[in-house]
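Undergrad: One line per chain: the protein sequences are A and B, in this order.
In terms of UniProt numbering, the first sequence opens at residue 1 and continues consecutively.
In terms of UniProt numbering, the second sequence opens at residue 1 and continues consecutively.
Structure in structure tokens, see below.
Number of protein chains: 2
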Amino acid sequence: MKFQNCINYLLTISQHEVFQNFFARLSPMGITPGQYGVLNYLWEKGPTTPKEIARYLRLENSTISGVLDRMQRRGLIDRVVDPNNRRSILVVAMPAAQAIKDDVLKTVDELNLEILQDFTPEEKEVLMKALCRIGRIEDEEPNENRGRP
Amino acid sequence: MKFQNCINYLLTISQHEVFQNFFARLSPMGITPGQYGVLNYLWEKGPTTPKEIARYLRLENSTISGVLDRMQRRGLIDRVVDPNNRRSILVVAMPAAQAIKDDVLKTVDELNLEILQDFTPEEKEVLMKALCRIGRIEDEEPNENRGRP
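Right, here's the structure in full:
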């Protein structure tokens, strides 16, 4: 098969290119693209469980532990007991995260604009929707409706 | 930013989903998606240098060494001296690769059809072209025109 026609090749190469770009531009703020993913979730939806963050980022529970450990050591997040369920742990964003929030969000907005600057609005919409479908990414319900009986 | 609008998130998640699918379906044939990438290059273009394969797969030279070592131990490829340039090494596909070629190519074709089955031809074209552009993937010249003065 001509490799330009293989969806796995195209996604792997384009993901690599974009990830490197995000990595380079976020590192001056002291975070990785994955850590941005964690913070963005917390900023958008508020405190949540490590399991829910792992689900959102498609990481193994063991992998997300390491990510959260590093972020906790840097003071970006903390793990607290859920006041509504004392057997459950919630991840919360800390002041050190708040301190970089504006810069991080501005940088991510800029990166998205730059990477997609050559596309028409129609092409952009087809692309984003296609990636959501391929990645089985759904419009999310609010956090508080998840994982409750 | 709403994470469904972040190109890095969309690419990372959709790449993960598709890669897992390729991984599961290629493993009965004893190869990984990355090893398929190497073989596909050799099948399409013939013998080439490790450096050229690394460029095509966007891998570090040190990473491609490990991939080729594993493939060589399994008898899928060999490294031979370039008859036209005795200081250069070429990677060649071996009979063990030829033996799985039809199955591998059929599986990859099926995977591409399955993953893209819900898209119209127009959507598919926009998607593939967009990923090529984002990944800076160009139509490749024939192998023999590369890396020669």
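Positions of the beta carbon are idealized from the N, C-alpha and C atoms, including for glycine.
Determine whether the Cβ of Gly-66 (chain A) lies closer than 9 Å to any Cβ atom of chain B.
TA: Here residue 66 (chain A) corresponds to residue number 66 of the first sequence, with the count starting at 1. No, Gly-66 (chain A) lies away from the interface with chain B (no Cβ there is under 9 Å from its Cβ).
Undergrad: Can you tell me whether Leu-11 (chain B) is buried or exposed? The criterion is at least 16 other CB atoms within 10 Å of its CB, across all chains shown.
TA: Translated into the one-based positions of the second sequence, residue 11 (chain B) becomes position 11. Label assigned to Leu-11 (chain B): buried.
Undergrad: Between the alpha carbons of Pro-149 (chain A) and Thr-120 (chain A), how many angstroms are there, rounded?
TA: The residue you call residue 149 (chain A) lines up with position 149 of the first sequence. The residue you call residue 120 (chain A) lines up with position 120 of the first sequence. At Pro-149 (chain A), the pLDDT of 39 sits below 50, so the modelled position is not reliable and the matter cannot be decided from this model.
Undergrad: Taking only runs of the alpha helix (DSSP H) that begin and end inside the UniProt domain "HTH marR-type" (1-136) of chain A, which ones reach a length of at least 4 residues, in chain order?
TA: 7-26, 33-45, 50-57, 61-73, 95-115 and 121-134, all fully within the UniProt domain "HTH marR-type" (1-136) of chain A.
Undergrad: Using the C-alpha atoms, what's the distance from Val-81 (chain B) back to Ile-134 (chain A)?
TA: Stepping through the first sequence from its first residue, residue 134 (chain A) is reached at position 134. Stepping through the second sequence from its first residue, residue 81 (chain B) is reached at position 81. Straight-line Cα distance between these residues: approximately 42 Å.
Undergrad: Is the separation between the beta-carbon of Val-67 (chain A) and that of Asp-78 (chain A) shorter than 9 Å?
TA: Taking the first residue of the first sequence as position 1, residue 67 (chain A) is located at position 67. Taking the first residue of the first sequence as position 1, residue 78 (chain A) is located at position 78. Cβ distance not < 9 Å, so Val-67 (chain A) and Asp-78 (chain A) don't count as in contact.
Undergrad: Less than 9 Å between the C-beta atoms of Phe-3 (chain A) and Glu-138 (chain B), yes or no?
TA: Against the first sequence, residue 3 (chain A) aligns to sequence position 3. Against the second sequence, residue 138 (chain B) aligns to sequence position 138. The answer is no: Cβ separation not under 9 Å.
Undergrad: Distance, Cα to Cα, Val-18 (chain B) vs Val-108 (chain B)?
TA: The residue you call residue 18 (chain B) lines up with position 18 of the second sequence. The residue you call residue 108 (chain B) lines up with position 108 of the second sequence. Cα-Cα distance, rounded: 11 Å.
Undergrad: If you pair each beta-carbon of the region 124-132 of chain B with each one of the region 48-62 of chain B, do three or more pairs fall below 8 Å?
TA: No, the region 124-132 of chain B is not in contact with the region 48-62 of chain B.
Undergrad: Under 9 Å between the Cβ atoms of Leu-116 (chain A) and Ile-7 (chain B)?
TA: Numbered from 1 along the first sequence, position 116 holds the residue referred to as residue 116 (chain A). Numbered from 1 along the second sequence, position 7 holds the residue referred to as residue 7 (chain B). Yes, the Cβ-Cβ distance between Leu-116 (chain A) and Ile-7 (chain B) is below 9 Å.
Undergrad: Below 7 Å on C-beta distance, what does Leu-11 (chain B) contact in chain A?
TA: Reading the second sequence from its first residue, position 11 is the one you call residue 11 (chain B). Chain A residues near Leu-11 (chain B): Leu-11, Ser-14, Gln-15, Val-18 and Leu-131.
Undergrad: Go ahead and label Pro-50 (chain A) buried or exposed: buried means 16 or more other beta carbons lie within 10 angstroms of its beta carbon, across all protein chains shown.
TA: Against the first sequence, residue 50 (chain A) aligns to sequence position 50. Pro-50 (chain A) should be labelled buried.
Undergrad: Report the neighbours of Val-108 (chain B) on chain A: residues whose CB is nearer than 7 Å to its CB, in chain order.
TA: Position 108 of the second sequence, counted from the start, is the residue given in the question as residue 108 (chain B). Near Val-108 (chain B) (Cβ distances below 7 Å), the residues of chain A are Met-1 and Cys-6.
Undergrad: Is the Cβ-Cβ distance between Asn-21 (chain A) and Leu-111 (chain A) less than 9 Å?
TA: By one-based count along the first sequence, residue 21 (chain A) stands at place 21. By one-based count along the first sequence, residue 111 (chain A) stands at place 111. Contact flag set, yes.
Undergrad: Given that Asp-118 (chain A) touches chain B, what residues does it touch there, using C-beta distances under 7 Å?
TA: Taking the first residue of the first sequence as 1, we reach residue 118 (chain A) at position 118. Chain B residues near Asp-118 (chain A): Arg-133.
Undergrad: Measure from the alpha carbon of Tyr-36 (chain A) to the alpha carbon of each residue in A:Ser-62, A:Arg-70 and A:Arg-136, then state which is nearest.
TA: Start at 1 with the first residue of the first sequence, and residue 36 (chain A) comes out as number 36. It is A:Arg-70.
Undergrad: Going along chain A in order, which residues have a C-beta closer than 9 Å to the C-beta of Met-128 (chain B)?
TA: Mapped onto the second sequence, residue 128 (chain B) falls at position 128. The contacting residues are Gln-4, Asn-5, Ile-7 and Leu-10.
Undergrad: Around the C-beta of Gly-34 (chain A), are 16 or more other C-beta atoms found within 10 angstroms, so that it is buried, or is it exposed?
TA: Here residue 34 (chain A) refers to the residue found at position 34 when the first sequence is read from its first residue. Gly-34 (chain A) should be labelled buried.
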